[in-house]
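>
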Amino acid sequence: MNISVLQFPGSNCDQDAFQLFASGLGLPTRFVWHKEKRLVDTDLVVVPGGFAYGDYLRCGAIARFSPIMGAVREHAERGGLVLGICNGFQILCEAGLLPGALIRNSSLEYRCITCDLAVEDAGVAFNTRTVGRRVRMPIGHGEGNFRIDEAGLERLETNRQILLRYVDNPNGSLRSIAGIRNEEGNVFGMMPHPDRCFERFHPSRDGVKVARAVLSKRFPEILKESAA
Amino acid sequence: MNSAELPPNPDPVLNQPITPELIKKHGLLPQEYDQIRQHLGRVPTLTELGIFSVMWSEHCSYKNTRPLLKGFPTEKKGATENFGRVLVKAGEENAGIIDVGDGWAIAFKIESHNHPSAIEPFEGAATGVGGIIRDIFTMGARPVLLTNSLRFGELDSPVTKRLLRGVVAGIAHYGNCVGVPTVAGDVYFDRSYEGNPLVNALCLGTLRHDQIRLGKATGLGNPVYYVGAATGRDGLGGAAFASKELSAESSSDRPAVQKGDPFMEKLLIEACLEMMAVPGLVVGIQDMGAAGLTCSTCETASRGGAGIEIELDRVPQREEGMNSYEIMLSESQERMLVIVQKGREHEIEKVFAKWDLHAAHVGTVTDTGRMVVRQHGVVVADIPASVLTDSAPIYHRESARPAYMGETSGWTPEGSGLPDVDLPAALAALPRLLSHPTIASKRWLYRQYDHMVQHGTAVLPGSDAGVVRLRLGASEKFIAIKNDCNGRYCYLNPRRGALIAMVECLRNLVCAGATPLAMTDNLNFGNPYKPENFYQLKECVAGLAEACRFFDVPVVGGNVSLYNESPEGSIDPTPTVAVVGFIEKESHITRQFARSAGHRLVLLGGAPAELGGSQFLGIIHGLKTGDAPAVDLAAEKRLQDLLLSQIRAGRVASAHDLSEGGLLVAISEMLFGPDCVGASVDLSRFAAPRQDALLFGESQGRVIISVAPADLPAVLSDAGEAGVPADDIGAVTAEAALSVATGLGRLDWAVSRLRTGWETSIEVAMKRPGLG
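Have a look at this one:
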């Protein structure tokens, strides 16, 4: 199980994501600079949080054109696993690897708080059985207000593509959506930060559960470790 | 040291005669101008006049405060070979550095951006954060945390709301994007800051000893690089007039406040740290903050005992047709000056190309001791560098005890006929105090700051101090940080107020389980030419110095901000202090929140009995009077040592210090944690001459701790041995109610009601109509 954490100019949760997988799960993890064109020996690509290219235009709008994104797309098309966290989720939406868009929080303010999240039975690796019914994860974003057209929303619901919903909606997201997957079930995106809840002193250690659930799509045996 | 006569500049604007008006507009006194002429042995050019005006300003030269600041201790007496040594002292460099053991160190410093924030709160606060971060990474340290200290007028005015909204959004914009967590802060709302808010920002970074980089230009022939953002006309600041008079075509007023670009700063951090990690490549480095290119060139040259020649045509520029005056004085953000080992130019250029940043070879280190600036082939400035950095005049200002102190210091509640509280008044006072913005939860602010990025925040904002885990190579350590200053106390008694600022900060750190290590200070005062203001400044500095020496907490750096005035008068003197403490073991981390029903509540330090300077007097009676609470340094030390020993013995479930609002506010705040508990307290045992002073007075040296019943005897006996008064005043209860037996009778409140007022008061005041 090899993890590649992308680094864009302006990524600032790259170290956090790295440590989640490297020390939280004990997996071989490496950074991949955005100017690279290839992913080497990678099972899971993590697109970390931050402000790629400053996000002055629209979150993720420039990052999607980075050279590495071509390789990420190919990886996803081959069924490889991709996890976008926060800004990474925004980038995956901009790149068309996930449906929908994330706009400014309805409060018009950045929010850094810890949220209770209801886990949906999303019909793939990431579901109530692998993660549990509830998790507690921090959020930290100004633009996490999930939007999608009605047909798209219906598809998300009927395909069971919704992974997580906020118990107490902090940003105005449609139907309190906090995280989704693609139809195939190998690309995951979420605004909450599993990379901020895996150490002893963090508000929870649910980040490890979430990361394992994502990996279990290709590596079901990892769930046995978490049970142990 | 005379400089050669310079050739006339072909640009008539730059060649204009230096008139008395021009000198005055540059904020220079006639005698200061005479000194400049003597140093140069000729009339300065306009560019040189501009350079002197910024380098000899208070901000760069400390000309009014330098003699006072000499009283600060800058070394730690109790330092050992492997811990606590001050590696870079206050005033030597952009930030002080202190040894934290195993070859690692921390760099930290606080700095103000008060005036820019008053004019343009968003950009003013944002660039304040950007500036202090550069001060830290220029030392070679990776920035790992931010804090801020804010002061505003009362939150009932639309102007204050606009300022608060803008400042908080600006700090959030910059800190969140650059990816450094804002983990702690302090905020007060008081009329004296109306129209002149204070915005002080602190940054702390970590580095190995061998990564320390200094702002020194050495090595004849070494190339001088300019890296980061291009230079524009923004931030000509106090010299804003110049852009009007100097650029004939420009009719628009240039903004005096700089605009920040946190994305650029993030790239600059990464590129600079990457460059500094290359062995032997960087000779010296300094950020371009106040006075931009001017300050960075002459300071690096002066520290290195060398000279620097720079060629302005090579400076990356955002605008066309900038003259030398504008380029030298621009305060465009996110720029650094780097001196590199000769022959290794391609190595720095490669790093900056990777990050898509400018790295322009703009000059050379010389052995002349002079700062020589050329533009379009003409020398526009030629000044001995040390004259700019070390020869600014030093003033010993006149000092006079403020007249108002004659009245306030002698005030007593009895003397003024202030009635004591009765039962209904006490019942009403607590919720009012808790919901005053100064005491209320600052959640509205800190939830807008990313306080968790870098995943090291161990105690989130809202407790006595922020606690952060530092990754130092393979090992990890926990530090606590707190900044504070009650300007009301400093107004009433500057020396005591400053002592309190320090001891309260230290107490907060100890409550979190930390041993105080070192401090940085931000002296915010009014115009020093007014003798009453200078008295406040002098006394406050003396108070800080006394506390620092007593507790062996050295000053490793700081900042002075004077002329904080509004039409109503000077601000309350505000010598903000920020102290860093070390936590030996993760298990020592202590929060302020009571956790389990049945735990005993113990008041350490004895019953409070002073009313002077309290929030109770201010909020309930509209009075800012009395003397500041007394400070007994020896008793304070006994208390803090005892508390730390009990925390290390694992006996303290939670600890909270008594501060603004007094005993009942402190007990209430202990109940506002994640566990919904209450408290039943008996204060009737205390023979209090006045109930208001007991319940709401702000006597110093008090801490309330919660302990498991089994640990109570040991805590009480250790306290007895240490000579610290300790009273078992009650218990934590499962029922979420606060019930207090007093000489007035029983006082009862529902915790939920107290909590809602405390938690939402700022939020309600700041509510935007129509938004969820």
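Here the protein sequences line up with chains G and B, keeping their order. Heads up: the first sequence at position 216 corresponds to 679 in my numbering, and the numbers run straight through without jumps. Heads up: the second sequence at position 489 corresponds to 608 in my numbering, and the numbers run straight through without jumps. The C-beta atom is built at its ideal place from N, Cα and C for all residues, glycine as well. Quantities reported herein were computed from a predicted structural model and do not represent experimental measurements.
(1) Could you check what DSSP says for residue 212 of chain B in three-state terms: helix, strand or coil?
(2) Please list, in chain order, all residues of the same chain as residue 190 of chain B whose beta carbon is under 7 Å from its beta carbon, the five residues on each side excluded.
(3) For the pair the stretch 134-152 of chain B and the stretch 459-477 of chain B, tell me if three or more CB-CB distances fall below 8 Å.
(4) I'd like the list of long-range same chain contacts for residue 363 of chain B, defined as Cβ closer than 6 Å, with 5 residues on each side in sequence excluded.
(5) Quick one: Cα of residue 671 of chain B to Cα of residue 519 of chain B, how far?
(6) Of all Cβ atoms in chain G, is any one closer than 8 Å to the Cβ of residue 359 of chain B?
(7) In whole angstroms, what is the alpha-carbon distance linking residue 473 of chain G and residue 623 of chain B?
(8) Starting from residue 651 of chain G and walking both ways along the beta strand (DSSP E), at which residues does that stretch end?
(9) Rounded to the nearest angstrom, what separates residue 383 of chain B and residue 655 of chain B at their Cα positions?
(10) Cα-Cα, which of B:482, B:571, B:535 is closest to residue 435 of chain B?
(11) Among the candidates B:555, B:408, B:531, B:504, whose CA atom is the shortest distance from the CA of residue 784 of chain B?
(12) Distance check for residue 163 of chain B and residue 155 of chain B, CA to CA, integer angstroms please.
(13) Do the stretch 335-350 of chain B and the stretch 278-294 of chain B meet, that is, are 3 or more Cβ pairs less than 8 Å apart?
(14) Expressed to the nearest angstrom, what Euclidean distance is found between the alpha-carbon atoms of residue 60 of chain B and residue 638 of chain B?
(15) Does DSSP classify residue 905 of chain B as helix, strand or coil?
(16) Using a Cβ-Cβ cut-off of less than 8 Å, list which residues of the stretch 563-579 of chain G approach chain B; keep chain order.
(17) When the Cα atoms are used, what is the spatial distance from residue 886 of chain B to residue 315 of chain B?
(18) Name the chain G residues that come within less than 9 Å of residue 570 of chain B, Cβ to Cβ?
(19) Apart from the five residues just before and just after residue 494 of chain G, which ones in its own chain have a Cβ nearer than 6 Å to its Cβ?
(20) So, for residue 222 of chain B: in the same chain, excluding its five sequence neighbours on each side, which residues have a beta-carbon less than 7 Å away from its beta-carbon?
(21) How would you write the range of the alpha helix (DSSP H) that residue 535 of chain G sits in, first residue to last?
(22) So residue 385 of chain B contacts chain G; which residues on that side make the cut at Cβ distance below 7 Å?
(23) Smallest Cα separation from residue 511 of chain G: which of G:559, G:496, G:615, G:684?
(24) Cα separation between residue 486 of chain B and residue 589 of chain B?
(25) Tell me, to the nearest whole angstrom, how far the beta carbon of residue 798 of chain B is from that of residue 585 of chain B; I am working on the premise that it is less than 8 Å.
(26) Look at the alpha carbon of residue 422 of chain B and the alpha carbon of residue 235 of chain B, and state the distance between them as a whole number of angstroms.
(27) Going by beta carbon distance, what residues of the same chain come within less than 7 Å of residue 781 of chain B, once the five residues before and after it are set aside?
(28) Should residue 471 of chain B be flagged as near chain G, meaning a C-beta pair shorter than 8 Å?
(29) Report back the beta-carbon spacing between residue 178 of chain B and residue 318 of chain B to the nearest angstrom; my notes put them in contact at under 8 Å.
(30) Considering only the beta carbon of each residue, do residue 322 of chain B and residue 217 of chain B sit closer than 8 Å?
(31) Which residues in chain B sit within 8 Å of residue 675 of chain G, going by Cβ to Cβ distance?
(32) What does DSSP give as the partner residue(s) for residue 455 of chain B in the beta ladder?
(33) Taking the alpha-carbon positions, what's the residue 160 of chain B to residue 503 of chain B distance?
(34) Taking residue 306 of chain B and residue 561 of chain B to be in contact with their CB atoms under 8 Å, please state how far apart those CB atoms are, rounded to whole angstroms.
(35) Hey, is residue 891 of chain B's beta-carbon within less than 8 Å of any beta-carbon in chain G?
(36) Taking the straight line between their C-alpha atoms, what separation do you get for residue 581 of chain G and residue 632 of chain G?
According to the structure shown:
(1) Translated into the one-based positions of the second sequence, residue 212 of chain B becomes position 93. If DSSP states are grouped into helix, strand and coil, residue 212 of chain B belongs with coil.
(2) Here the question's residue 190 of chain B lines up with position 71 in the second sequence. Only 660, 661, 664 meet the Cβ criterion.
(3) With a cut-off of 8 Å, the stretch 459-477 of chain B and the stretch 134-152 of chain B do not count as touching, because too few Cβ pairs lie within range.
(4) As a first step, residue 363 of chain B is located in the second sequence; it is residue number 244 there, counting from the start. Confidence at residue 363 of chain B is low in this model, with a pLDDT of 32, below 50, so the placement of that residue should be treated as unreliable; the coordinate-derived value is given next. If we look at residue 363 of chain B and ignore the five residues flanking it on each side, it has no Cβ neighbours.
(5) Translated into the one-based positions of the second sequence, residue 671 of chain B becomes position 552. Translated into the one-based positions of the second sequence, residue 519 of chain B becomes position 400. Straight-line Cα distance between these residues: approximately 30 Å.
(6) Numbered from 1 along the second sequence, position 240 holds the residue referred to as residue 359 of chain B. Because residue 359 of chain B carries a pLDDT of 36, less than 50, the predicted location of this residue cannot be relied on, and the following value inherits that uncertainty. By this cut-off, residue 359 of chain B is not an interface position.
(7) Sequence index remark: in the first sequence, residue 473 of chain G carries index 10 (1-based). Sequence index remark: in the second sequence, residue 623 of chain B carries index 504 (1-based). If you take the alpha carbons of residue 473 of chain G and residue 623 of chain B, they lie about 38 Å apart.
(8) Looking up residue 651 of chain G in the first sequence gives position 188. Where residue 651 of chain G is concerned, the enclosing beta strand (DSSP E) stretches over 650-653.
(9) For the purposes of this step, residue 383 of chain B is taken as residue 264 along the second sequence, with counting starting at 1. For the purposes of this step, residue 655 of chain B is taken as residue 536 along the second sequence, with counting starting at 1. Those two C-alpha atoms are separated by around 40 Å.
(10) Taking the second sequence and counting its residues from 1, the one referred to as residue 435 of chain B is at position 316. It is B:482 whose Cα lies nearest to the Cα of residue 435 of chain B.
(11) Here the question's residue 784 of chain B lines up with position 665 in the second sequence. Measuring from the Cα of residue 784 of chain B, the nearest candidate turns out to be B:555.
(12) Mapped onto the second sequence, residue 155 of chain B falls at position 36. Mapped onto the second sequence, residue 163 of chain B falls at position 44. When rounded, the distance between both Cα atoms is 8 Å.
(13) With a cut-off of 8 Å, the stretch 278-294 of chain B and the stretch 335-350 of chain B do not count as touching, because too few Cβ pairs lie within range.
(14) Residue 60 of chain B is absent from the model: chain B starts at 120 and stops at 891.
(15) The structure shown does not extend to residue 905 of chain B, since chain B spans only 120 to 891, so no value can be given for it.
(16) 569, 570, 571, 572, 573, 574, 575, 576
(17) Along the second sequence, read from residue 1 onward, the residue named residue 886 of chain B stands at position 767. Along the second sequence, read from residue 1 onward, the residue named residue 315 of chain B stands at position 196. When rounded, the distance between both Cα atoms is 23 Å.
(18) The residue labelled residue 570 of chain B in the question sits at position 451 within the second sequence. Those are 575, 603, listed as they occur along chain G.
(19) Residue mapping note: residue 494 of chain G aligns to position 31 of the first sequence, counting from 1. Cβ neighbours of residue 494 of chain G beyond the five flanking positions: 468, 470.
(20) By 1-based counting over the second sequence, the position of residue 222 of chain B is 103. Correct list, in chain order: 327, 328.
(21) Taking the first sequence and counting its residues from 1, the one referred to as residue 535 of chain G is at position 72. Run containing residue 535 of chain G: 531-540, per the alpha helix (DSSP H) assignment.
(22) In the second sequence, residue 385 of chain B corresponds to position 266, counting from 1. Going along chain G in sequence order, the residues near residue 385 of chain B (Cβ under 7 Å) are 473, 475.
(23) For the purposes of this step, residue 511 of chain G is identified with residue 48 of the first sequence, where counting begins at 1. Here the closest residue by C-alpha is G:496.
(24) Taking the first residue of the second sequence as 1, we reach residue 486 of chain B at position 367. Taking the first residue of the second sequence as 1, we reach residue 589 of chain B at position 470. Going from the Cα of residue 486 of chain B to the Cα of residue 589 of chain B covers about 41 Å.
(25) Position 679 of the second sequence, counted from the start, is the residue given in the question as residue 798 of chain B. Position 466 of the second sequence, counted from the start, is the residue given in the question as residue 585 of chain B. No, residue 798 of chain B and residue 585 of chain B are not in contact; Cβ-Cβ is about 25 Å, not under 8 Å.
(26) Mapped onto the second sequence, residue 422 of chain B falls at position 303. Mapped onto the second sequence, residue 235 of chain B falls at position 116. Roughly 29 Å between the two C-alpha positions.
(27) The sequence position of residue 781 of chain B within the second sequence is 662, counting from 1. The residues are 727, 733, 735, 814, 815, 816, 817.
(28) Here the question's residue 471 of chain B lines up with position 352 in the second sequence. Chain G, which has no Cβ nearer than 8 Å to the Cβ of residue 471 of chain B, makes this no.
(29) To locate residue 178 of chain B, count along the second sequence from 1; it is residue 59. To locate residue 318 of chain B, count along the second sequence from 1; it is residue 199. In this structure residue 178 of chain B does not touch residue 318 of chain B by the C-beta definition: roughly 15 Å separates them, more than the 8 Å allowed.
(30) Counting from one through the second sequence, the residue named residue 322 of chain B turns up at place 203. Counting from one through the second sequence, the residue named residue 217 of chain B turns up at place 98. No. Outside cutoff.
(31) Here residue 675 of chain G refers to the residue found at position 212 of the first sequence. In chain order: nothing, as chain B lies at least about 18 Å away.
(32) If you number the second sequence from 1, residue 455 of chain B lands on position 336. Answer is B:346, B:406.
(33) The residue labelled residue 160 of chain B in the question sits at position 41 within the second sequence. The residue labelled residue 503 of chain B in the question sits at position 384 within the second sequence. Cα-Cα distance, rounded: 11 Å.
(34) Taking the first residue of the second sequence as 1, we reach residue 306 of chain B at position 187. Taking the first residue of the second sequence as 1, we reach residue 561 of chain B at position 442. 6 Å between Cβ atoms; contact.
(35) For the purposes of this step, residue 891 of chain B is identified with residue 772 of the second sequence, where counting begins at 1. Low per-residue confidence applies at residue 891 of chain B: pLDDT is 42, beneath 50, and the placement is therefore not dependable, though the value from the model is reported in the following sentence. It does: the Cβ of residue 891 of chain B has a partner Cβ on chain G nearer than 8 Å.
(36) Translated into positions along the first sequence, residue 581 of chain G becomes position 118. Translated into positions along the first sequence, residue 632 of chain G becomes position 169. Cα-Cα distance, rounded: 11 Å.
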